[in-house]
Amino acid sequence: MVRSALCFLGILLIVVGCGDEDIIGEWVNYTTEDGLPGLIVYSATEDANKTTWVSCSGGIARLEGAYFIPYTEEDGLPSNEAVVIVGYNSGVAVGTDKGLALFDGDEFIVYNRGDGLPSNNVQSLASGSEGLWVGTDAGLSFFDGSSFTTYNTENSDIAGDCIWALALLNDDVVIGTESGLSIFTPPDDWKNYDKGDGLPSDVIYALWVDDGVIWGGGAYGAFKIEGGDVFAYTPENSQIPYSDVMGVCVDDYGDVWFATYGGGICMLSGSEWHIYMSGEGPISDWGLCAFCSSYNTLWFGTTDGLSRHIRYRD
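Under my numbering, the final residue of the sequence shown carries the number 319; numbering is consecutive throughout.
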């Protein structure tokens with residue numbers, strides 16, 4: 006495989022040989038100088054209009070051209086500690102340490118424990134056609150637009166109450182907890198996986214579903230679940246770094262991307278691994294999230310800002 010890099014005009018180009026064609030990747034980095042309300046970027050998403058949004062340590066932000074437009078507590082967010090963001094209806098849903106906020110572009114509507122959430126600490130979100138799934142540190146809730154239904158270890162078979170990651174698989178909800186992974190088929194069917202079933206760890210930080218395959222990341226590695234079978238990627242059996250996997254996504258070419266905490270950005274293409282460290286494109290080696298938006302654009306949140314990676318064939 007041929008791999009080369011060329012840097013000009015502040016954009017890093019990386020060429021990866023792939024059969025008869027080359028896939029070219031452009032890296033662009035963003036900081037508070039580009040409009041981000043904070044450097045710690047926890048989450049990225051896009052809305053129904055394919056506009057990119059991020060959640061940060063200082064609020065949330067919407068991409069407009071080459072810059073981000075920030076929204077903070079002054080605009081109606083319940084807290085500037087915006088941990089997670091996801092597209093919801095015509096706007097976005099935001100999880101903070103002081104509740105859930107729904108934003109339609111004009112105003113924020115805030116929900117907290119007094120409205121039925123099991124906790125104000127919202128850590129993960131997944132938006133579907135029927136409503137919004139909300140993961141907290143005290144259980145999982147489903148919001149149908151008017152009320153919340155909560156699932157926890159006391160009233161269901163969910164693996165754990167601390168919900169770090171959520172994804173949707175058709176009509177199922179995939180749930181990453183501090184005690185393993187659950188697949189929930191409403192109203193009451195649960196399937197759980199833990200380290201004894203092949204996961205690299207019981208702590209699940211990230212999930213992504215692609216073509217029926219569940220990809221995940223957590224403490225000490227990553228994994229995929231396909232047809233009920235679990236395959237783990239750890240430093241012992243792959244080139245994935247010895248660090249927690251905080252984000253995962255799959256691009257339009259079928260390549261899988263992992264944001265690791267201290268080990269850079271990793272890409273699995275078939276059976277080949279590529280590691281991108283700071284200086285080779287990403288703004289930091291300390292990744293917190295990964296998201297693939299429209300037009301094969303990848304976003305990686307880190308402790309030091311945001312990185313965008315656009316891939317196309319030469």
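Every residue, glycine too, gets a C-beta built ideally from N, C-alpha and C.
query: CA nearest to the CA of residue 169, picked from 130, 154 and 177; result: 130
query: Residue 75 - containing beta strand (DSSP E), residue span; result: 72 to 76
query: Per DSSP, cross-strand counterpart(s) of residue 206; result: DSSP lists no partner for residue 206.
query: CA nearest to the CA of residue 268, picked from 283, 124, 199 and 61; result: 283
query: Outcome for residue 306 when other beta-carbon atoms lying within 10 angstroms are tallied against a minimum of 16; result: buried
query: Rounded C-alpha distance that separates residue 236 from residue 87; result: 32 Å
query: Beta-carbon proximity of residue 58 to residue 69, cut-off 8 Å; result: no
query: Cα-Cα separation between residue 22 and residue 256, rounded to whole angstroms; result: With a pLDDT of 44 at residue 22, under the threshold of 50, the predicted position of this residue should be treated as unreliable, and no value is reported.
query: Of the residues 34, 56 and 42, the one placed nearest residue 299, counting alpha carbons only; result: 56
query: Inter-residue CB distance, residue 320 and residue 32 (contact presumed, cutoff 8 Å); result: Because the chain spans 6 through 319 in this model, residue 320 falls outside it and cannot be assessed.
query: Given residue 4 as reference, the closest of 202, 245, 246 and 209 once Cα atoms are compared; result: Limits of the chain in this structure are 6 at one end and 319 at the other, which puts residue 4 out of reach.
query: Nearest candidate by alpha-carbon position, reference residue 160, set 134, 238, 53 and 194; result: 194
query: Residue ranges of each beta strand (DSSP E) within the region 173 to 225, 3 or longer; result: 177 to 182, 185 to 190, 194 to 198, 209 to 215 and 218 to 223
query: For residue 60, the residue or residues it bridges with in DSSP; result: 48 and 65
query: 8 Å Cβ cutoff met for residue 177 and residue 190; result: yes
query: Exposure of residue 141, with buried meaning 16 or more beta-carbon neighbours within 10 Å; result: buried
query: Buried versus exposed, by CB contacts within 10 Å (16 or more), residue 181; result: buried
query: Beta-ladder partner(s) of residue 229, from DSSP; result: 220 and 236
query: Proximity below 8 Å, CB of residue 254 to CB of residue 295; result: yes
query: Per-residue DSSP class, three states only, for residue 117; result: coil
query: 7 Å Cβ shell around residue 148 - same chain, five flanking residues per side excluded; result: 136, 137 and 139
query: Residue 259 classed as buried or exposed, judged by whether at least 16 other C-beta atoms fall within 10 angstroms; result: exposed
query: Separation of residue 42 from residue 25, as counted between CA atoms; result: Any reading at residue 25 needs caution, since the residue's pLDDT is 39, under 50, leaving its predicted position unreliable; the model's value is listed next. Distance between the alpha carbons of residue 25 and residue 42 is about 43 Å.
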